[in-house]
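Shown next, in structure tokens, is the structure this report addresses.
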Amino acid sequence: SAVISQKPSRDICQRGTSLTIQCQVDSQVTMMFWYRQQPGQSLTLIATANQGSEATYESGFVIDKFPISRPNLTFSTLTVSNMSPEDSSIYLCSVTGGAVGGYTFGSGTRLTVV
Amino acid sequence: GENVEQHPSTLSVQEGDSAVIKCTYSDSASNYFPWYKQELGKRPQLIIDIRSNVGEKKDQRIAVTLNKTAKHFSLHITETQPEDSAVYFCAASGPGGGADGLTFGKGTHLIIQP
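These protein sequence lines map, in sequence, to chains A and B.
Count the first sequence with our numbering and you get residues 1 to 114, in order.
Count the second sequence with our numbering and you get residues 1001 to 1114, in order.
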């Protein structure tokens, strides 16, 4: 199965700043997604990262706050912009397609905003 | 959009007994239903999944059943062991052939009592 590397694994950031999270897969995948998991809660889909075009955002998430890139079939980034303490969460990328059956998750980025 | 309800939120069973977690979904077009196990501080791990053209699937001690008419699916774990203690999430995905992200239930904290 595919190996997904997510960086950074954790970070503590000042409010008002931005953080870019990277997701690298060791094989080409069809779809890449970004999720948020707030402390003690379930996972919520933020957006679908579309290769070569703008991401598709779920209700409640906007491009200005969570810009996403996907320049190729193995890599994507999620930026959390103008952060506030409410953005403190775990952010996870997920992939499917190619050699990946089902939906596989990266190890996540634990973000704390102070 | 899709809505997934999951019950119970907490389930405590004696080691060796069976555990059942139930989920319902709202979108009749959903056709893929995975179950994830998440241990504290770790990524969600796919443990079993089922597609809408199948009514039941088993993998050793784990089974999933799907009732498309009633729009519900269940996870069954038999002969529970201490290592089964974790949070379990059900999820549903639409008919996009893997192009849709997952909508998750709120999770069930499974506690195996020795």
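For every residue, glycine included, the Cβ atom is placed at its ideal position computed from N, Cα and C.
Check, Outcome
"Counting contacts by CB-CB distance shorter than 8 Å, is Gly1016(B) in contact with chain A?", "no"
"Quick one: Cα of Gln51(A) to Cα of Pro39(A), how far?", "30 Å"
"When burial is assigned at 16 or more other CB atoms within 10 Å of the CB, is Gln6(A) buried or exposed?", "buried"
"Measuring CB to CB, does Leu78(A) end up less than 8 Å from Leu1102(B)?", "no"
"I believe Ser1052(B) touches Leu1066(B) by the beta-carbon criterion, under 8 Å. Please report the beta-carbon distance rounded to the nearest angstrom.", "7 Å"
"Please name the residue, chosen from Gly1001(B), Gln1045(B) and Leu1011(B), that lies closest to Tyr1025(B) on a Cα-to-Cα basis.", "Gly1001(B)"
"If you draw a straight line from the alpha carbon of Pro1034(B) to that of Gly108(A), how long is it in whole angstroms?", "19 Å"
"Would DSSP call Asp1084(B) helix, strand or coil?", "helix"
"By how many angstroms is the C-alpha of Leu1110(B) removed from the C-alpha of Thr1010(B)?", "6 Å"
"Quick check: Phe33(A) and Ser88(A), are their CB atoms within less than 8 Å of each other?", "no"
"So, under 8 Å CB-CB, Lys1057(B) and Ile1048(B) are touching, yes? Tell me the CB distance rounded to an integer number of Å.", "6 Å"
"Please confirm whether Arg1043(B) has its beta-carbon closer than 8 Å to some beta-carbon of chain A.", "yes"
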